[in-house]
Amino acid sequence: MPNIEVDKREFNDLVGEEIENESMIEEGSMLGAHWHSIEDYVCDVETYPNRPDLLSVEGLARAYRGFFDIETGRTEYQIKEGDIEVEVDNSVEDVRPFIGCAVVRGLDLSRKKINGLIQLQEKLHETMGRRRDKLAIGLHDLSTVEAPFTYKAVEPEKVSFIPLEYDKDMDLDEILDEHEKGRKYAWILEDENNYPIIEDSNGRILSFPPIINNQLTEVDASTEEIFVDVTGKSKEAVLKALNIISTALAERGGELESVAVDGEKLPDLSPERFKLDPEYFRNVSGLEISDKEIIRRLEMMKHDAKVKKDSIEVEVPSYRTDIMHQYDLIEEVVIAYRYDNIEPEMPEVDQIAEKSDIQEFVDRFRDVMVSAGILEANTFYLSSKEDLFDEMNTEESDDFAEVANPSSIDQEAVRNKLTPSLFQALHDNRHHSYPQSFFEVSEVVELDESHVGASNRMKLAFIKASKDLGYTEARKVLQVLERDIGISLELKSSEKEFARENRSADIIYQGERIGFICEYSDEVVHNWDLELDVVGFELDLEKLM
Amino acid sequence: MKLSSQALEILEKLKENNGEATVEGLEKQGFDQSMVNRASLELEENDLLNIEEVEEEEKTLSETGKKVLEEGSPEYRLVERVQSGDTHMSDLQDLDLDVALGKARQKSWIQIENGEIELVEEVDRDTVKQNLESGNFKQSYIDRGLVETEEKIKRTLKLEEKGEKIDLNDVDEYFNVEASVETPRTGKKHFYKDILDFAREKFVEMGFSEMRGDFIVPSLLNFDALYTAQDHPARDLHDTFFMERPESSDLSVYGDKVQHIKETHENGWTTGSKGWGYDWSKDEASRNVLRTHTTAVSARRLHEIDINEEELPKKFFIIGRNFRNETVDRTHLPGFIQLDGIVVGEDLNYRNLKAYLSEFFEKMGYDEFRLIPSYYPYTEMSTEVQVWDEEDEEWLGMGGAGLFRPEVVKPLLGVEATVLAWGLGVGRIAMKAAQIQDIRELYRNDIEILENTPKWRPEK
């Protein structure tokens, strides 16, 4: 979740009212942005990925003006028709096909406001922009370049400029190799031969999206006119981001002016229309509130709404990215109504409930093991191959589910047996006195012929460690299981690579092998840094069901 | 005079020992430490004996120290590597370079220029390792964190004059019925599983039937069916474990639903939604993952409901393990246990959802709870559930809830319906119960913690 920092004084100015810190933290969070803390005017606000329009102090203030009933309904932004044109060359089609632009004039910027803008830009890059791949934003001082502009893809070594944060002229390849931002985002252009640029009428480069701008167009406190470019791979995302940025600048008193991008006038701030069926709303929310009340709550969320025949027609602001179904509007109304104010109501649902068959079954085994004096262990489900095989003196095979992208080797395998985990428990308890015994009843994963290629299997493992301990100790516990569960198991001598000679057997149930029992070999015991006798068994419980 | 049999035994022992013994020494002779402590206190109360306490510093190797014993000190390993030709810093990234360079420079063994390391002194032995081996624990090793010190109290028992003189035949033995004895080690359920068992009972009490589901599922169930777009960050390699083997699922068992899910993502299908508006890939949906939430099991259950056979409403739950690609530390695990519930029906609403949640948490001992707007791609009235913790006076996040979106329900179930859903965690409750701060302790099975954590019941 993206966190942003906003200045409480700026926020109050933009809201137009002084809102107490405490009520921001308590009530403010009820809008769906968490106000974690406010210290020395610095607010730490966490927003959710569905509301990129809240990633700036301007966007937050706009939303809270509605939520706190200060200024409700949709904000209508004026756009003056401008004469700046952007030509989109066919060459960008395969690289980064979409661009949206806007011009904002009459700005009165300060260092602080610029920092806020950069924060908005960076957070949009990270979230909506999928680390600049899906979209990237450039802000330029319009007075430094001359329209019309061209968006095109060029051969990297043929174009050069002085990028931001650097003092030398570099071509596009050099930027990707040497510039910090180039190295960070080069992956986006990895498969491309030509790279996108925005150029002015004199052939000067404004930007090399999604990497870096020309130093020439850098925005500073003296900038009064900004040219905004948003480029990317999804037209919808590009236009939404453009709307978020442009309306944030307009909230600051900037005058929006349209740009003709291949003839299309942008930004397009016209609202999106949805129909909300008030009956549907009442059914889903459980709130018996009037149409009028529904409309009032929608207006508190900065929508426009009016009754039209049997439904409510809603005009959703152009900067909202998350409204795609009338279900979303139901949430909007309930948020404005406040989740707090919802009275719980238990529905009548007659149903005879039950635990799953397997849970019912294994709980008996757990009870018996506990009554036999054994501690229940709870261990990790992922494992290293080393623990599953080498440490158990077992030859590695590929009959286990393997993770493709583990962040450490401890997570490279989904375990197909429990015993190594119980050895781990013994290892972790070496500082405690002996004897020690553990059991675990848990699911492991085995490969099979199902449509997924693997399924869970419920297993039971037991382990006991002490000085002078023999096979008999494991056999005793197995017999307690037989007696108390009421089953009869057969043992058949079978040598195991992890067991002492003549001290291991297969456990057979109704003619089928369901597990093993043994005295572990000194080598295995030593592998787990233990110097004792260790015995145990492991069973597939599903074969007993 | 009357003494307990234990006190009498210790008194006798001391007399044999010229009136003096250490607790440690007695322990070595097979006496139980707590028995010795109780007996000596009793003897002290009767003015027969004096307990002398001396604080001593005990030095032991730390984990880092043990590593040095095994591998050699970082600075010596550095020297060895430089001697073998790895002279550039970039060759040596696998070493603990900060320490190695710092120490080697401090000892004037090396010089560094432009990342090139040059040996300026001949170093032929690892004195740090040798000293650690021989138990020569210098102060500097303590400063470096190779050696840890612990204050230990050493107790010596010395008979007082009265104790020296007393004739054992004049002492009556009595049986101390008040003293506590050593608690035996017994069988016990794991405290975390104990709480999960309790929660399971509560769901069953509320009329929910338990579901079961596999850890490995196709992305289709974990993400696509839950209306999570294919470029959603949760589907990144950084967050989700993808499978190398078995790599992908055969989605044909889901029949037409695959096509419906595809269309829902692309243009909303017949759900009344705009959809996400992108080209949906079936290959991406067949990739197997370790489920990142038990909601994947709820999705599968919705798919399995035969609306012609089964009557709605229906209630289901599962308590199960989920996996996230995280590096393990004090606050992160590569997985977590989630309690997922769904209620499927035609006339259900958000107030009903709130009622189930409040009922459940009341049963778990939390009277006060609240719902806060949140976001999940697959729910509306996306809700974070918090309960008020009386003891620590704070709101605890317990998980998420909401109503499944029509984009989730219709493709899976085949018809429109309301589905109340939640995914909760009780790991925080388990950590409080066992009084642990390090989340890894939930899986470490320390015998002392397992034994000393009382069987769980909600605090009232």
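If you're matching them up, the sequences are chains A and B in order.
Those letters in the first sequence? Residues 1 to 545, per the numbering used here, in order.
Those letters in the second sequence? Residues 1001 to 1460, per the numbering used here, in order.
All C-beta atoms in this analysis are idealised placements derived from N, C-alpha and C, irrespective of residue type, glycine included.
Note that the structure is a prediction, hence the values are computed from the model and not measured.
> Counting contacts by CB-CB distance shorter than 8 Å, is A/H432 in contact with chain B?
Replying inline: The count along the first sequence starts at 1 and reaches residue 432 of chain A at position 432. So yes, A/H432 belongs to the interface.
> Which runs of the alpha helix (DSSP H), 4 residues or longer, sit entirely within the stretch 1334-1394 of chain B?
Replying inline: Unbroken alpha helix (DSSP H) stretches of 4 residues or longer found wholly inside the stretch 1334-1394 of chain B: 1350-1363, given in chain order.
> Relative to chain B, which residues along the stretch 368-391 of chain A have a C-beta separation below 9 Å, given in chain order?
Replying inline: Cβ contacts with chain B: M369, V370, S371, A372, G373, I374, L375, E376, A377, N378, T379, F380, Y381, L382.
> List, in order along the chain, the chain B residues whose C-beta lies closer than 7 Å to that of A/N50?
Replying inline: Walking along the first sequence from the start, residue 50 of chain A turns up at place 50. For a Cβ distance threshold of 7 Å, residue set Y1375 of chain B lies close to A/N50, ordered along the chain.
> What's the gap between the Cα of A/K240 and the Cα of A/W187?
Replying inline: Numbered from its first residue, the first sequence carries residue 240 of chain A at position 240. Numbered from its first residue, the first sequence carries residue 187 of chain A at position 187. So the alpha carbons of these two residues sit roughly 24 Å apart.
> DSSP three-state call for A/D44: helix, strand or coil?
Replying inline: Residue numbering aside, residue 44 of chain A sits at position 44 when the first sequence is read from its first letter. In the displayed model, A/D44 falls within a strand according to three-state DSSP.
> So, does the CB of B/Y1378 fall closer than 8 Å to a CB anywhere in chain A?
Replying inline: The residue labelled residue 1378 of chain B in the question sits at position 378 within the second sequence. Not an interface residue.
> Does A/N429 get closer than 8 Å to chain B when you measure Cβ to Cβ?
Replying inline: Working through the first sequence from its first residue, we reach residue 429 of chain A at position 429. The beta carbon of A/N429 falls within 8 Å of a beta carbon belonging to chain B, placing the residue at that interface.
>> According to DSSP, is A/G28 part of a helix, a strand, or is it coil?
In response: Counting from one through the first sequence, the residue named residue 28 of chain A turns up at place 28. Helix.
>> Please list the terminal residues of the continuous beta strand (DSSP E) segment that includes A/Y520.
In response: Looking up residue 520 of chain A in the first sequence gives position 520. Counting along the chain, the beta strand (DSSP E) containing A/Y520 begins and ends at 512-520.
> Residues in the stretch 471-490 of chain A with C-beta within 9 Å of chain B's C-beta atoms, listed in sequence order?
Replying inline: If the cut-off is 9 Å between Cβ atoms, the stretch 471-490 of chain A has nothing near chain B.
> Identify the residues that DSSP records as bridge partners of B/F1404: which are they?
Replying inline: Position 404 of the second sequence holds residue 1404 of chain B. For B/F1404, DSSP records a beta bridge to B/T1379.
> Using the rule of at least 16 other Cβ atoms within 10 Å of the residue's Cβ for burial, across every protein chain shown, is A/G253 buried or exposed?
Replying inline: Here residue 253 of chain A refers to the residue found at position 253 of the first sequence. Under a 10 Å Cβ-count criterion, A/G253 is classified as exposed, with fewer than 16 other Cβ atoms of the shown protein chains found around its own Cβ.
> Taking the alpha-carbon positions, what's the A/L14 to A/R62 distance?
Replying inline: Start at 1 with the first residue of the first sequence, and residue 14 of chain A comes out as number 14. Start at 1 with the first residue of the first sequence, and residue 62 of chain A comes out as number 62. Roughly 8 Å separates the two Cα atoms.
> Of all the CB atoms in chain A, is at least one closer than 8 Å to the CB of B/G1207?
Replying inline: In the second sequence, the residue the question calls residue 1207 of chain B occupies position 207. With a threshold of 8 Å between beta carbons, B/G1207 makes contact with chain A.
> Taking Cβ-Cβ distances shorter than 8 Å, what residues in chain B pair up with A/F438?
Replying inline: What you label residue 438 of chain A is simply residue 438 of the first sequence in a count that begins at 1. Chain B residues near A/F438: N1445.
> What do you get for B/R1144, buried or exposed, if any count of 16 or more other CB atoms within 10 angstroms of its CB means buried?
Replying inline: Taking the second sequence and counting its residues from 1, one reaches residue 1144 of chain B at position 144. Burial call: buried.
> Are the stretch 1018-1035 of chain B and the stretch 1142-1158 of chain B touching by the rule of at least three beta carbon pairs closer than 8 Å?
Replying inline: Contact check between the stretch 1018-1035 of chain B and the stretch 1142-1158 of chain B: three or more CB pairs, one atom from each, fall below 8 Å, which counts as touching.
> Considering only the beta carbon of each residue, do A/I212 and A/K181 sit closer than 8 Å?
Replying inline: Taking the first sequence and counting its residues from 1, one reaches residue 212 of chain A at position 212. Taking the first sequence and counting its residues from 1, one reaches residue 181 of chain A at position 181. Taking 8 Å as the Cβ cut-off, A/I212 and A/K181 qualify as a contacting pair.
> Checking contacts by CB at 8 Å: is B/I1439 closer than that to chain A?
Replying inline: Locating residue 1439 of chain B in the second sequence gives position 439, where the first residue counts as 1. No, B/I1439 lies away from the interface with chain A (no Cβ there is under 8 Å from its Cβ).
> Start and end of the beta strand (DSSP E) containing B/A1417?
Replying inline: Against the second sequence, residue 1417 of chain B aligns to sequence position 417. That residue, B/A1417, is in no beta strand (DSSP E); it is neither H nor E in DSSP.
> Hey, out of A/P267, A/R282, A/E315, whose CA is closest to A/F274's CA?
Replying inline: Numbered from 1 along the first sequence, position 274 holds the residue referred to as residue 274 of chain A. Out of A/P267, A/R282, A/E315, the CA that lies nearest to the CA of A/F274 is found in A/E315.
> Which first and last residues belong to the beta strand (DSSP E) in which B/F1316 is found?
Replying inline: Walking along the second sequence from the start, residue 1316 of chain B turns up at place 316. Run containing B/F1316: 1314-1323, per the beta strand (DSSP E) assignment.
> So, using beta-carbon positions, are B/A1434 and B/I1449 closer together than 8 Å?
Replying inline: Taking the second sequence and counting its residues from 1, the one referred to as residue 1434 of chain B is at position 434. Taking the second sequence and counting its residues from 1, the one referred to as residue 1449 of chain B is at position 449. With respect to the 8 Å criterion, B/A1434 and B/I1449 are classified as neighbours on the basis of their beta carbons.
> What does a CB cutoff of less than 8 Å around A/V403 pick up in its chain, not counting 5 residues either side in sequence?
Replying inline: Reading the first sequence from its first residue, position 403 is the one you call residue 403 of chain A. Sequence-distant partners of A/V403 (beyond 5 residues in either direction) whose C-beta falls short of 8 Å from its own C-beta, in its chain, are L382, Q411, E412, A413, V414.
>> Counting only Cβ pairs nearer than 7 Å, list the residues of chain A close to B/P1313.
In response: Within the second sequence, numbered from 1, the residue matching residue 1313 of chain B stands at position 313. Those within 7 Å of B/P1313 in chain A are V349.
>> If distances are taken between C-alpha atoms only, which option among B/R1300, B/I1110, B/A1225 comes closest to B/G1213?
In response: As a first step, residue 1213 of chain B must be located in the second sequence, where it is residue number 213. Distance check between B/G1213 and each of B/R1300, B/I1110, B/A1225 places B/R1300 closest, using alpha-carbon atoms only.
> Since A/D398 meets chain D, which of its residues come closer than 9 Å, beta carbon to beta carbon?
Replying inline: Note that chain D does not occur in the displayed structure, where the protein chains are A and B.
> First and last residue of the beta strand (DSSP E) that includes A/V261?
Replying inline: Counting from one through the first sequence, the residue named residue 261 of chain A turns up at place 261. Element bounds for A/V261: 255-261.
>> Against A/K308, what residues of chain B qualify as contacts under a CB-to-CB distance less than 8 Å, listed in chain order?
In response: Here residue 308 of chain A corresponds to residue number 308 of the first sequence, with the count starting at 1. In chain order: nothing, as chain B lies at least about 17 Å away.
>> Against B/I1372, what residues of chain A qualify as contacts under a CB-to-CB distance less than 7 Å, listed in chain order?
In response: The residue given as residue 1372 of chain B occupies position 372 in the second sequence. Result: S29, M30, Y339.
>> Does A/R338 come out as helix, strand or coil in the three-state DSSP assignment?
In response: Walking along the first sequence from the start, residue 338 of chain A turns up at place 338. Note: A/R338 maps to coil in three-state DSSP.
> Can you give the Cα-Cα distance for A/R65 and B/I1319, rounded to whole angstroms?
Replying inline: Counting from one through the first sequence, the residue named residue 65 of chain A turns up at place 65. Counting from one through the second sequence, the residue named residue 1319 of chain B turns up at place 319. Taking the straight line from one Cα to the other gives about 42 Å.
> Is the CB of A/K240 under 8 Å away from at least one CB in chain B?
Replying inline: Position 240 of the first sequence, counting from 1, holds the residue named residue 240 of chain A. Closer than 8 Å: no.
>> Using only the alpha-carbon positions, how far apart do A/V480 and A/E443 sit?
In response: Here residue 480 of chain A is taken as the residue at index 480 of the first sequence, counted from 1. Here residue 443 of chain A is taken as the residue at index 443 of the first sequence, counted from 1. When rounded, the separation of the alpha-carbon atoms in A/V480 and A/E443 is 22 Å.
>> Run through the DSSP bridge pairs and tell me what B/H1332 is partnered with.
In response: In the second sequence, residue 1332 of chain B corresponds to position 332, counting from 1. Beta-bridge pairing links B/H1332 to B/D1329.
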